[in-house]
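Chain order of the listed sequences is A and B. For the first sequence, this note's numbering begins at 10 and goes up steadily by one. For the second sequence, this note's numbering begins at 128 and goes up steadily by one. All C-beta atoms, glycine included, are put in the ideal place defined by N, C-alpha and C. This report refers to the structure that appears directly beneath it.
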Amino acid sequence: QVQLQESGPGLVKPSGTLSLTCDVSGYSISIINWWGWVRQPPGKGLEWIAEISHSGDTKYNPSLKSRVTVSMDMSRNQFSLTVNSVTAADTAVYYCARRGNCGGGNCYLNYFEHWGQGLLVTVSS
Amino acid sequence: DIQMTQSPSSVSASVGDRVTITCRASQGIGYYLVWFQQKPGKAPKSLIYAASSLQSGVPSKFSGSGSGTDFTLTISSLQPEDFATYYCQQYQSYPLTFGGGTKVEIK
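Shown next as structure tokens:
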């Protein structure tokens, strides 16, 4: 059973860099899948940030693209998120998640089925 | 970007009630829609994918329908554990986008 776990600092200073890692167990990130990040400001809705494929292809939300980078480390079976120049608006619970595969001529399983528990990151001085 | 609009934003209901939540996409997304349930302090949990397919392990009181731009999630008989916030999300194209959420509260 695949499990995901976010880690990183819970407090980041304004204008600094937010760096999070998602450790994956029970499944190899080198298998065909997309591995993504979603965030949720306190009391608000969900926002897709970015994702990376098993082969290293990346996709970014245009609203954040200039400040965000996703990467993966297959040797450690983990993937990471970096957000630069953070402000209070980046305060949120950050989730990592895995999307299912395409197959059989469609991508109906290509949704976020597995999620980490989430990590609250606060941007404050 | 494809905008996802959910309605209502909140609903008060009693145990045993039938509840229907609507999600509208700003352009056609075929069947590429997933419904999530989220409880306070927890990660979202998928309930329905491909608009109408029930996630394994999810009770059959949850059902989804629709295609193109208009979708619904129905809870046939609301139970105490169903009080939560529900989100729709399209995965037809980038950027992936979520609806604003529907909070189901106890009447």
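Find the nearest neighbour of B:Ala-177 within the set B:Glu-232, B:Gln-219, B:Gly-227, judged by alpha-carbon distance. Put simply, of B:Glu-232, B:Gln-219, B:Gly-227 the residue whose alpha carbon is nearest the alpha carbon of B:Ala-177 is B:Gln-219.
Between the C-alpha atoms of A:Trp-57 and A:Gly-65, what's the straight-line distance to the nearest angstrom? A:Trp-57 and A:Gly-65: Cα-Cα distance of roughly 18 Å.
Can you check whether the C-beta of A:Tyr-36 is within less than 8 Å of a C-beta belonging to chain B? By this cut-off, A:Tyr-36 is not an interface position.
Do the stretch 68-76 of chain A and the stretch 106-116 of chain A make contact, defined as three or more Cβ pairs closer than 8 Å? The stretch 68-76 of chain A vs the stretch 106-116 of chain A: no contact.
Assign B:Pro-171 to one of two classes, buried (16 or more other C-beta atoms within 10 Å of its C-beta) or exposed (fewer than that). By the 10 Å Cβ count, B:Pro-171 comes out buried.
Would you mind working out which of B:Ser-194, B:Gly-184, B:Lys-188 sits nearest A:Glu-122, comparing C-alpha positions? It is B:Gly-184.
Using a C-beta cutoff of 8 Å, does A:Gly-52 count as contacting chain B? Taking a beta-carbon distance threshold of 8 Å, A:Gly-52 does not count as an interface residue toward chain B.
Have a look at B:Ser-179, B:Tyr-159, B:Pro-186, B:Ser-137 and flag the residue whose alpha-carbon is nearest the alpha-carbon of A:Asn-115. Measuring from the Cα of A:Asn-115, the nearest candidate turns out to be B:Tyr-159.
For the beta strand (DSSP E) containing A:Glu-15, list its first residue and its last residue. Counted as a single uninterrupted DSSP element, the beta strand (DSSP E) harbouring A:Glu-15 occupies residues 12-16.
Whole-number beta carbon distance between A:Thr-91 and A:Leu-20, since they are thought to touch under 8 Å: At roughly 16 Å, the Cβ-Cβ gap does not stay under 8 Å, so A:Leu-20 and A:Thr-91 are not in contact.
Determine the chain A residues that contact B:Thr-224 at a beta-carbon separation under 8 Å, and present them in chain order. Going along chain A in sequence order, the residues near B:Thr-224 (Cβ under 8 Å) are Trp-57.
For chain B, find out if any of its Cβ atoms is closer than 8 Å to the Cβ of A:Phe-88; answer yes or no. For A:Phe-88, the answer is no, since every Cβ of chain B falls outside 8 Å of its Cβ.
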